[in-house]
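>
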Amino acid sequence: MTSLRCNVISPENYSHNNVGFCEVAKGYHLGLSPQQVARALRYFVIMGALWAIYGPNCTVAGPVLSGFCLKVGLSDSQIAFLVSLTGLMGASQLLSYFLTRRARDKRRMMVGVGVWEITFVSLVVLAGIKLPPPYRFYGIAGLLVLGFLFGHAVSPAWNSWMSNIIPPEVRSAYIGRRMVILSAVGIVYLFVASRLLDILAFPLNFLVVFGIGWVGGIGGYVVAWLTPYPRVEEAGGYSLRDLLRPLRERAFVRLMLFAAAWLTASMMASAFYNVYMLSENYLHLSYSTVALFTNIALLMTIVGYQVSGSLAQRFGSKPVIELLVVPAAAVPLMWMLTTSHNYSLMIPIASVISGLCSAGIFVAMSSLLYKIVPQGREVPEYFVLWAAISTIGTALGPLISGVLRSSFSSWQLSILGMQFSGMQLVFAVATMTMLLPIVLSYMLEETEAASPMYVLGQFRGNLFSLAYNFALYATAKEDEKRADTLRALGRSHSPLAVGVLLRGLQDSSPTVRQSALEALGESRLDEGLGPLVDALDDEELDIRVAAAEALGKLRKPAGVAPLIKRLHSDDLHLRNSAALALGEIGGPEACEALYQALQEPFDKHTFPTLVDAASRTGDLRIVTPALQRLPMLQSPVLRMQVLNAVGRVLGERNHFYRLRVADKLGRAALVERMMARIVRLLKTVKLGTPQQRQQMKALARQIAAATANGDTAALRSLCEELASVVLSIPDALPVVYAGAHGMLMYLQEIDETRLEDEGLVFLTVALTSIARHLAVGGNKAEPAAEGGGA
4 MTSLRCNVIS PENYSHNNVG FCEVAKGYHL GLSPQQVARA LRYFVIMGAL
54 WAIYGPNCTV AGPVLSGFCL KVGLSDSQIA FLVSLTGLMG ASQLLSYFLT
104 RRARDKRRMM VGVGVWEITF VSLVVLAGIK LPPPYRFYGI AGLLVLGFLF
154 GHAVSPAWNS WMSNIIPPEV RSAYIGRRMV ILSAVGIVYL FVASRLLDIL
204 AFPLNFLVVF GIGWVGGIGG YVVAWLTPYP RVEEAGGYSL RDLLRPLRER
254 AFVRLMLFAA AWLTASMMAS AFYNVYMLSE NYLHLSYSTV ALFTNIALLM
304 TIVGYQVSGS LAQRFGSKPV IELLVVPAAA VPLMWMLTTS HNYSLMIPIA
354 SVISGLCSAG IFVAMSSLLY KIVPQGREVP EYFVLWAAIS TIGTALGPLI
404 SGVLRSSFSS WQLSILGMQF SGMQLVFAVA TMTMLLPIVL SYMLEETEAA
454 SPMYVLGQFR GNLFSLAYNF ALYATAKEDE KRADTLRALG RSHSPLAVGV
504 LLRGLQDSSP TVRQSALEAL GESRLDEGLG PLVDALDDEE LDIRVAAAEA
554 LGKLRKPAGV APLIKRLHSD DLHLRNSAAL ALGEIGGPEA CEALYQALQE
604 PFDKHTFPTL VDAASRTGDL RIVTPALQRL PMLQSPVLRM QVLNAVGRVL
654 GERNHFYRLR VADKLGRAAL VERMMARIVR LLKTVKLGTP QQRQQMKALA
704 RQIAAATANG DTAALRSLCE ELASVVLSIP DALPVVYAGA HGMLMYLQEI
754 DETRLEDEGL VFLTVALTSI ARHLAVGGNK AEPAAEGGGA
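Structure representation (C-alpha cells):
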C-alpha cells in the first residue's frame, strides 16, 4: 500500500540520502551492476518522496483526511472506524500473495495496480463533496477500501523488491537515512497543504490538496517503472503451506507479536490525536497549528531515523527497541493530560517524544525484519504475514478506541480537581496497553546484538556538540570544513561519533582523513584503537604519521606495541611521531622502549624527540644520557628541547621553556623570585645532618647573590658545591639525586658564554626541583609553581 510506504506504520518505510549510493552498492547486485543498484537506491528515495506528498490524502488519522472527514460531517467514531477499516485491508495480502506472485513482470504489475490505488483514494474528496450527507460515510469508506485493496495487492512484491536491493551491511543506516528524506518532504508539504486549507475556501482547498497528492502518487509509480528490478530466484510453491512457512522461525514469530502489540497500543491513541486537536468539542485548533505540531513530530522523526539507523546498524535492533518502547508509552498519557490551557506545552513535548521513539522503533523493526528474511530469492510470504500482523494492530487499535469512545461518550471523570472527557479516558486506556509491547520487546531474538545498557552508555560525552557538528559535517562540501567538523566530533568524546569518524577515514581528501585520525585520538574511545593501528600501515606517509600521533592522544596501552615497532621505521617523521605517542601513553613498556632507544647510536634528528618523549613517562634514568649527549647538539632549539625535557622529568613541567623564551628583563625578574623561593625552601629542610643543612642554606644565599650580580664564575662553583652536598644526604627522593647529578653533568660541559643565558635558566630550574623535593622531607613533593615558580 503506497500510504503505508509513506508513514511509520508498516515495514515498507525506508529512506536514504544521495550520499554513498555507489558505496552501498559495491559488491552486491543479484544480476544488477553496482551502478544499477546505486540507481535503484536513489530511485527508492525519489518514489518515496513523491508518495510522501500523496501520503496525507490516504492517512485517515492524519490532519488532512481526518480534517476533511470532520468537515463533511463524519463523527469521531466514524473516523475511528475508517482508520480501523483501512488497517484491516492489510489482510487482503493473504489473497494477493497467491494472485500477484504469478505475474511474470512484477514491476509492470505494481505500476499498473498502483495507479488505480492512487486514483481511488484521491476520489474520496469528490465523494465527500458530491454525495448527500447520509451516503458520504459509505462513499468515502468504499473508495478507501478499493484503494487500499489495490495498494496491498502490490505490497508483497514491492517489499520483496526492496529487501533484495538493500545491501545487508548498510541496511539499518540506509533505512534511517532514507526516511530522513521522506520526513523532510512530508514536513514541507504538510506545511504547504495546511496553508492551502486555511487560505482557500471549502471545497476548493481540499480539491487542490487532493489533486496535488494524486499527481505526487502517480509520479511515484512513474519512478518505480524506471527503477532497476533484480533477477532473483522465483519461489516454487503457491500453497497455504508455503505461505505459513515463516511461522516456523521463532525470531520472526516473536517480532510479529511485538509488532502487533506495539501497533495496537500506539494506534489506539494516535487514531484520535488529530481529531482531538481539530474538533470543536475539544481543542478546536486551526489547520496551521495542527500542521505545526505535526511537523514537530516529523522533524523529530528525521533525528530519530538518523540516530536509530546508525545505532541499529552498529549495536543491533533489539536494544534500540527495548530502550525506546518505554518512553513511547508516556505519549498517550501526555495527551490524556492535555487541555485547552496547556496544549501549547504538552503537545510539542509529546510530539518530540513520539517522533523520536516511533521513528527509532520503526527503523529497528524494519531492520530486524530484513535481517530475518532470507536474501537472494522471492520471499513475499514473509511480507504477507508481516502485513497480516500489521493489519491486526492497525485495525484492532482504532477499533478498540472507537468502541471505547462510544462507551465513554457521556463520561466525565474528575481526578485531583482535573476533569477528563471520554476522549481523554481513551488515551488513558491506550497508555495501559503499552505495557504489553514493553514486555514483548525483551523476548525479541537477534544474533550479535548489544545489551540495552551498553547502547545507553554510548550516549555520553558532549551530545550537543555531537549533534551540532554532525549536522555541519553532513552539509559541508569543502575539505577544510569537513576536517574541522571531524575534529570537533572527536572532541565531543561521544561513542556515537565513531561511526562518522570511521567513514572520514575513507574520504578521498587526505586532509579529511588526517583529521579523522586526529579526531579518533582525541575521542579517547576504545573503538578508535583498531582503525588507528591499521592506519600505521597506510601507503601515505602523512596518514601513518597522523595515526601514530593519534594513538598517543588515545592513550590506550594496547597501542604501545604497534608504536614500538615504528621506533625503528625508515622514515624519520614516523619514528619521531611514534616516540612522542609512546611518551603520551606512558606505562612500563613504553618507558623501557624509549629508554632503550636512547642507548642506541646518536642521531641528532631523533635524539631530542626521544628525550622529550621519555621525559613524559617520568623516567629519571634519561637524565644521564640526555646530558651526556647534549654537547653533540649545537642548535639552540634542539638543546632547549633536551634541557626542557630534563626539567620536566625533574618535576618542573615546561618551566625551562617559559624562562628561556622570556625577554631578558622578564627572565631576570622571574629568576630573582625563583632564587628567593629556593632559599626559603632550603631553610625548611629536615633531611641530612645539621652541618649539611647549614651548608645548603649558606650556599643557596650565595647562589642567589651571584645570580643577582651576574657573577657566572661564582655561580658555577657554588652550584657544583651545593650539588655535591645534596648527593651526600641520605634518604632523599630519587628525583633529588637526579637533579644534583644533572647539575654536575651540565656544569662539566657548559662554557661561559652559554652559562650566562642557557645555563642560568637550567640551573635555576634544577635548583628549584631539588629545593622543592628536599623541603618535604622525602614524603610528599610540593607542587611545581606555575609561571616558572614565581
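With the numbering used here applied, the sequence shown closes on residue 793, and no number is skipped along the way. We put the beta carbon where it would ideally sit given N, CA and C, even for glycine.
1) For Ala735, does the three-state DSSP call read helix, strand or coil?
2) Here's a check: name, in chain order, each residue in its chain whose Cβ is nearer than 8 Å to the Cβ of Pro565, leaving out the five neighbours to either side.
3) Check Arg558 in the structure and name its three-state DSSP category.
4) Would you tell me roughly how many angstroms separate the C-alpha atoms of Ala307 and Leu301, rounded to the nearest one?
5) Cutting at 7 Å between CB atoms, please list the residues of its own chain near Gly502, excluding the five before and the five after it.
6) Look at Ala593 and Val563 and say whether their C-beta atoms are less than 7 Å apart.
7) Just tell me which of Arg663, Thr627 and Pro733 has its CA closest to the CA of Gln751.
8) Got a sec? Which residues, its chain only, sit under 6 Å from Val218 by beta carbon, not counting five neighbours each side?
9) Give the straight-line distance between the Cα atoms of Trp389 and Leu88, rounded to the nearest whole angstrom.
10) Return the CA-CA distance between Leu68 and Glu120, expressed in angstroms with no decimal places.
11) Going by DSSP in three states, Arg110 sits in which element: helix, strand or coil?
12) Going by DSSP in three states, Asn465 sits in which element: helix, strand or coil?
13) On a CA-only basis, which of Gly745, Ala665 and Leu583 is nearest Leu646? Give me that one, please.
14) What separation, rounded to the nearest whole angstrom, lies between the Cα atoms of Val779 and Val688?
15) From the DSSP output, in three-state form, read off Val779 for me.
16) My output table needs one value for Pro231: the three-state DSSP class, helix, strand or coil.
17) Use the C-beta contact count for Glu283: other C-beta atoms within 10 angstroms, 16 or more gives buried, fewer gives exposed.
18) Whose C-alpha, out of Gly189, Lys556, Leu766 and Asp606, is nearest the C-alpha of Thr297?
19) Using a Cβ-Cβ cut-off of 7 Å (strictly less than) and excluding sequence neighbours within five positions of Ala196, which residues of its own chain qualify?
20) Would you please state the rounded distance, in angstroms, between the beta carbons of Ala452 and Pro639? I believe it to be under 8 Å.
21) Buried or exposed: Pro440, going by 16 or more other Cβ atoms within 10 Å of its Cβ?
22) Have a look at Val86, Ser125, Leu146 and Val548 and flag the residue whose alpha-carbon is nearest the alpha-carbon of Ile56.
23) Which of helix, strand or coil does DSSP assign to Gln694?
24) Looking at the ligand NAP, does it come within less than 6 Å of Leu200, judged from the CB to the closest heavy atom?
25) Below 8 Å on the Cβ atoms is my contact criterion, and I expect Thr609 with Asn579 to pass it. Report the Cβ-Cβ distance as a whole number of Å.
26) Around the C-beta of Glu587, are 16 or more other C-beta atoms found within 10 angstroms, so that it is buried, or is it exposed?
27) If you check the beta carbons only, do Ala774 and Gly742 fall under 7 Å apart?
28) Go through its chain and collect everything with a Cβ distance to Asn657's Cβ below 7 Å, but skip five positions before and after it.
29) If you reduce the DSSP assignment to three classes, tell me which class Val75 lands in.
30) Note down, in chain order, each residue of its chain lying with its Cβ closer than 7 Å to the Cβ of Leu570, except the 5 sequence neighbours on either side.
31) Between the alpha carbons of Leu260 and Pro330, how many angstroms are there, rounded?
32) So what's Arg527 in DSSP terms, helix, strand or just coil?
33) What's the C-alpha gap between Gly131 and Arg490?
34) Where does Lys29 sit, in a helix, a strand or coil, going by DSSP?
35) Tell me whether the beta-carbon of Gly524 lies closer than 7 Å to the beta-carbon of Lys556.
36) Do the CB positions of Ser186 and Thr304 come within less than 7 Å of each other?
Let me lay it out:
1) coil
2) Val536, Leu539 and Leu554
3) When secondary structure is reduced to three states using DSSP, Arg558 falls in the coil class, being assigned neither helix nor strand.
4) The sequence given here has Gly at residue 307, not Ala. One C-alpha to the other measures close to 9 Å.
5) Ser313 and Arg317
6) Contact: yes.
7) Thr627
8) none
9) 18 Å
10) 16 Å
11) helix
12) coil
13) Here the closest residue by C-alpha is Gly745.
14) 7 Å
15) coil
16) coil
17) exposed
18) Gly189
19) Residues Pro59, Val67 and Val212 of the same chain have their beta carbon placed closer than 7 Å to that of Ala196, with the five preceding and five following residues left out of the count.
20) Going by Cβ atoms, the distance from Ala452 to Pro639 rounds to 60 Å, so no, they are not a contact pair.
21) buried
22) Ser125
23) helix
24) Although the ligand NAP was asked about, the structure shown includes no ligands whatsoever.
25) 6 Å
26) buried
27) no
28) Asn647 and Arg651
29) Taken through DSSP and simplified to helix, strand or coil, Val75 comes out as coil.
30) Arg578, Ala581, Ala582, Ala596 and Ala600
31) 20 Å
32) coil
33) Note on geometry: alpha-carbon atoms of Gly131 and Arg490 lie some 57 Å from one another.
34) Unreliable positioning characterises Lys29 in this predicted model, as indicated by a pLDDT of 36, which lies under 50. The coordinate reading is nonetheless provided below. Reduced to three states, the DSSP call for Lys29 is coil.
35) yes
36) Result yes, Cβ atoms of Ser186 and Thr304 sit closer than 7 Å.
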